[in-house]
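Student: Mapping to this note's numbering: the sequence shown position 34 is 32, numbers consecutive.
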Amino acid sequence: MMEESLRSKISRFDEDTLALKQEVVSQREAREALDKETEELREQNRQYAVTIVTMENKLHSMSSKCNNMELELNNSISKLEALPPPPPEPYHVLKDRELEMKREIQRLTTLSNTLRREFGLAKAEADQRAVQIQGLRCDLAGAAARLSDMSGELSESQKIEKRSTTSEYKTKRWISFDMLLTNDKKISVQE
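1) By the DSSP assignment, the alpha helix (DSSP H) with Leu4 in it spans what residues?
2) Buried or exposed for Leu71, please, with buried defined as at least 16 other CB atoms from any protein chain shown within 10 angstroms of its CB.
3) Are three or more beta carbon pairs between the segment 124 to 132 and the segment 28 to 43 nearer than 8 Å?
4) Could you work out which residue in Glu102, Arg29, Leu18 is closest to Ser74 when comparing CA atoms only?
5) Under 8 Å by Cβ, that's how I've got Leu39 and Ala143 pegged, so tell me the actual separation to the nearest angstrom.
6) Among the residues of its own chain, which have a CB less than 7 Å from the CB of Met53, if the five just before and after it don't count?
7) Is it true that the CB of Thr49 sits closer than 7 Å to the CB of Leu134?
8) From this set, Cys136, Met148, Arg29, Glu30, which residue's C-alpha is nearest Ala47's C-alpha?
9) Distance, Cα to Cα, His58 vs Ala120?
10) Quick one, are the C-beta atoms of Leu106 and Leu78 less than 7 Å apart?
11) Would Met60 and Phe117 be called neighbours here (beta carbons separated by less than 7 Å)?
12) Roughly how many angstroms separate the alpha carbons of Arg161 and Glu27, rounded to a whole number?
13) Please identify the residue among Arg10, Met0, Leu145 whose C-alpha is closest to the C-alpha of Glu37.
14) Determine the DSSP secondary structure at Lys184, reduced to helix, strand or coil.
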């Protein structure tokens, strides 16, 4: 009787042990899947940040070009308007100058129209880049929210382990990101 009771307890203990082992294995697999997804989201987050920085640099460059083109256009118009009237001269000299001035006016008008068109295109592209940057910022915020939600699903021991891993990872990533930004600035300065 006692032997049967012990066998029954041992059998239940073996079943409980097996169930616990299976639960530990499934939790480990779930944790590994969450870690993998977290790593993918971190990489995506980093790529978004790099893309945003690049696009903001291009946007700044295009804005500067647009401003320079507008100044050049205004200067050309001012020079054209500031031309003094010619003194009276013989008819054939006046005709030659008139043709010359018409050609110059036509050239400046063409230049003005070209600059306006390029300015419009540059402004449209700058606006498009600003919209893309805003979209990437929203995606980045969503990824950060998903990371936060995933952190809430972890057990306390997993959270502690994640914090230590995350702080090490952030330190390494920010050092790499700073080096990337420094290299981008060196490249843009050389250009």
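Beta carbons: idealized from backbone N, C-alpha and C, even for Gly.
Tutor: On the basis of the coordinates in this document:
1) 0 to 79
2) buried
3) no
4) Glu102
5) So it is not a contact: roughly 10 Å between Cβ atoms.
6) Arg127, Gln130, Ile131
7) yes
8) Cys136
9) 11 Å
10) yes
11) no
12) 19 Å
13) Leu145
14) Because Lys184 carries a pLDDT of 49, less than 50, the predicted location of this residue cannot be relied on, and the following value inherits that uncertainty. Lys184: helix per DSSP, three-state reduction.
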